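Participant: Going down the list, the sequences are from chains U and W.
Per the working numbering, the first sequence starts with residue 109, numbered consecutively.
Per the working numbering, the second sequence starts with residue 109, numbered consecutively.
Number of protein chains: 2
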Amino acid sequence: MSEGVEWALHTCLNLTWIEDGRPVPAAVLADYFKLPPAYLNKQLQALARSGIVSSVSGPRGGFQLARDPRKITVLDVVVAIEGPEDAFQCAQILRDAPDGEPGIDYRETCVISQVMRKAELLWRAELAARTLADVKATVESRFPGTPNETRQGLRSRRA
Amino acid sequence: MSEGVEWALHTCLNLTWIEDGRPVPAAVLADYFKLPPAYLNKQLQALARSGIVSSVSGPRGGFQLARDPRKITVLDVVVAIEGPEDAFQCAQILRDAPDGEPGIDYRETCVISQVMRKAELLWRAELAARTLADVKATVESRFPGTPNETRQGLRSRRA
DNA sequence: GTCATTCTACTCGGATAACGTGTGTCCGAGTGTCGTCGG
DNA sequence: CCGACGACACTCGGACACACGTTATCCGAGTAGAATGAC
Numbered sequence: 109m110s111e112g113v114e115w116a117l118h119t120c121l122n123l124t125w126i127e128d129g130r131p132v133p134a135a136v137l138a139d140y141f142k143l144p145p146a147y148l149n150k151q152l153q154a155l156a157r158s159g160i161v162s163s164v165s166g167p168r169g170g171f172q173l174a175r176d177p178r179k180i181t182v183l184d185v186v187v188a189i190e191g192p193e194d195a196f197q198c199a200q201i202l203r204d205a206p207d208g209e210p211g212i213d214y215r216e217t218c219v220i221s222q223v224m225r226k227a228e229l230l231w232r233a234e235l236a237a238r239t240l241a242d243v244k245a246t247v248e249s250r251f252p253g254t255p256n257e258t259r260q261g262l263r264s265r266r267a
Numbered sequence: 109m110s111e112g113v114e115w116a117l118h119t120c121l122n123l124t125w126i127e128d129g130r131p132v133p134a135a136v137l138a139d140y141f142k143l144p145p146a147y148l149n150k151q152l153q154a155l156a157r158s159g160i161v162s163s164v165s166g167p168r169g170g171f172q173l174a175r176d177p178r179k180i181t182v183l184d185v186v187v188a189i190e191g192p193e194d195a196f197q198c199a200q201i202l203r204d205a206p207d208g209e210p211g212i213d214y215r216e217t218c219v220i221s222q223v224m225r226k227a228e229l230l231w232r233a234e235l236a237a238r239t240l241a242d243v244k245a246t247v248e249s250r251f252p253g254t255p256n257e258t259r260q261g262l263r264s265r266r267a
């Protein structure tokens, strides 16, 4: 799985702690984790295309969450970066088997494909059940200092 | 996910229908699905290293299942091809955050890492609960002709 | 006829290339802000 | 003093290189079996 997923999740989580409506530049978000600014920018663009964050150009511009953290699931972020396709892609090799028929959609018929798909469904369901608000709340209950630390850390960087 | 996983799963499933103890050459297994023989051979080597199949060299050689299909899970095959690492690799970027401490293992502490790991755990558990024998039985109940067709298809190819 | 021996052909196994996707970087388009100038 | 205008600086957005992992291929080591010849 792409490393950008981790970056995107942590960055979105950081954005949940920004309460003034001001957007945060990609360079600031990147510097917080010592990440390559231009590349994080690229990931943020993907999040923007998926409607998870909204971007504003120009001075005082940057990124902010596009909607309530309770309406953003972890799966949303993963899909925005990784794409909507399943990890296991059934290439339907049964079609090339001796008794394979070209008309059949083996992605539905093939038992192996079904097993893999059910497993991925569980994975997706678990990630879809966790919202950014859930994660935020869990972090705050375990590490009460994090919200202020994050706010301070970002504020000092955007001067 | 690597395409070799699909090849390996279907090939192992085909091997469950071989009942005489004779091994089947990689070239025969590959031709059954019109796959590149040398490349399937490579995947079979990975399965052999993991102890899922056993290989015998020379004439009349080939591959055969190394143990009872009831003792081979779908996850075993996936891990043999893809490797044991999780798809989501926590790079511990929290260490580079302003208040990150190098001594902490954030793979355990980080909430995001925990969420991702739990989801993958469900995925793995589902695949670990399905054995090759289960898959074989399901296929046989839905398509009773498959065992004989597969045996015939492979027999005609190994002459 | 039987056995040992040699030869052959077959199969795996790892070393070696080609391709594609993810990783990383750069510069241009657009925009808000600040300073300046005129009224 | 106030407002409009212009230049500037900042930010995103997409286009452009690089690297690594997957995909694919080939040839050599080893081995079982068949053929051959001697006894």
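Backbone N, C-alpha and C define an ideal beta-carbon position, used for all residues, glycine too.
Keep in mind it's a predicted model, so treat the numbers as computed, not measured.
Out of W:VAL219, W:ARG250, W:GLN260, which one is the CA nearest neighbour of THR246 (chain U)?
Facilitator: Your numbering for residue 246 (chain U) matches position 138 in the first sequence. The option with the nearest alpha carbon to THR246 (chain U) is W:VAL219.
Participant: So is ASP213 (chain U) buried or exposed if we call it buried at 16+ other beta carbons inside 10 Å?
Facilitator: Here the question's residue 213 (chain U) lines up with position 105 in the first sequence. The residue in question, ASP213 (chain U), is exposed, as its Cβ has fewer than 16 Cβ neighbours within 10 Å.
Participant: Listed from N- to C-terminal order along the chain, which residues in the segment 201–213 of chain W have their beta-carbon within a distance smaller than 8 Å of any beta-carbon of chain U?
Facilitator: Within the segment 201–213 of chain W, the residues whose Cβ lies closer than 8 Å to some Cβ of chain U are ILE201, LEU202, ASP204, ALA205, PRO206, ASP207, listed in chain order.
Participant: Please report the distance separating the alpha-carbon of THR254 (chain U) from that of GLU248 (chain U).
Facilitator: As a working mapping, residue 254 (chain U) is identified with position 146 in the first sequence. As a working mapping, residue 248 (chain U) is identified with position 140 in the first sequence. Going from the Cα of THR254 (chain U) to the Cα of GLU248 (chain U) covers about 7 Å.
Participant: Nearest-angstrom Cα distance between GLU257 (chain W) and ASP207 (chain U)?
Facilitator: As a working mapping, residue 257 (chain W) is identified with position 149 in the second sequence. As a working mapping, residue 207 (chain U) is identified with position 99 in the first sequence. Cα-Cα distance, rounded: 8 Å.
Participant: Output yes or no for whether 9 Å exceeds the beta carbon distance between PRO131 (chain W) and ARG178 (chain W).
Facilitator: Taking the first residue of the second sequence as position 1, residue 131 (chain W) is located at position 23. Taking the first residue of the second sequence as position 1, residue 178 (chain W) is located at position 70. Contact flag unset, no.
Participant: In the segment 131–181 of chain U, which residue ranges form an unbroken beta strand (DSSP E) of at least 3 residues, counting only runs that do not cross its ends?
Facilitator: Those beta strand (DSSP E) runs which fall completely within the segment 131–181 of chain U and span 3+ residues are 161–164, 170–173.
Participant: Quick check: the Cα distance between VAL164 (chain U) and ALA146 (chain U), rounded to an integer number of angstroms?
Facilitator: The count along the first sequence starts at 1 and reaches residue 164 (chain U) at position 56. The count along the first sequence starts at 1 and reaches residue 146 (chain U) at position 38. When rounded, the distance between both Cα atoms is 16 Å.
Participant: For THR217 (chain U), which beta-bridge partners are listed by DSSP?
Facilitator: Stepping through the first sequence from its first residue, residue 217 (chain U) is reached at position 109. According to DSSP, which records beta bridges pairwise, THR217 (chain U) is partnered with nothing at all.
Participant: What are the start and end residues of the alpha helix (DSSP H) that includes GLN200 (chain U)?
Facilitator: As a first step, residue 200 (chain U) is located in the first sequence; it is residue number 92 there, counting from the start. Where GLN200 (chain U) is concerned, there is no enclosing alpha helix (DSSP H), given that its DSSP letter is neither H nor E.
Participant: To be precise: take each residue of the segment 240–263 of chain W, compare its Cβ to all Cβ atoms of chain U, and keep it if any distance is under 7 Å. Which residues remain?
Facilitator: Of all residues in the segment 240–263 of chain W, VAL243, THR246, VAL247, GLU257, GLY261 have a Cβ within less than 7 Å of some Cβ in chain U.
Participant: Determine, for PHE171 (chain U), whether the minimum Cβ-Cβ distance to residues of chain W falls below 9 Å.
Facilitator: For the purposes of this step, residue 171 (chain U) is taken as residue 63 along the first sequence, with counting starting at 1. Output row for PHE171 (chain U): interface = no.
Participant: Applying a beta-carbon distance threshold of less than 7 Å, which residues of chain W neighbour ARG238 (chain U)?
Facilitator: Residue mapping note: residue 238 (chain U) aligns to position 130 of the first sequence, counting from 1. Here the neighbours are VAL223.
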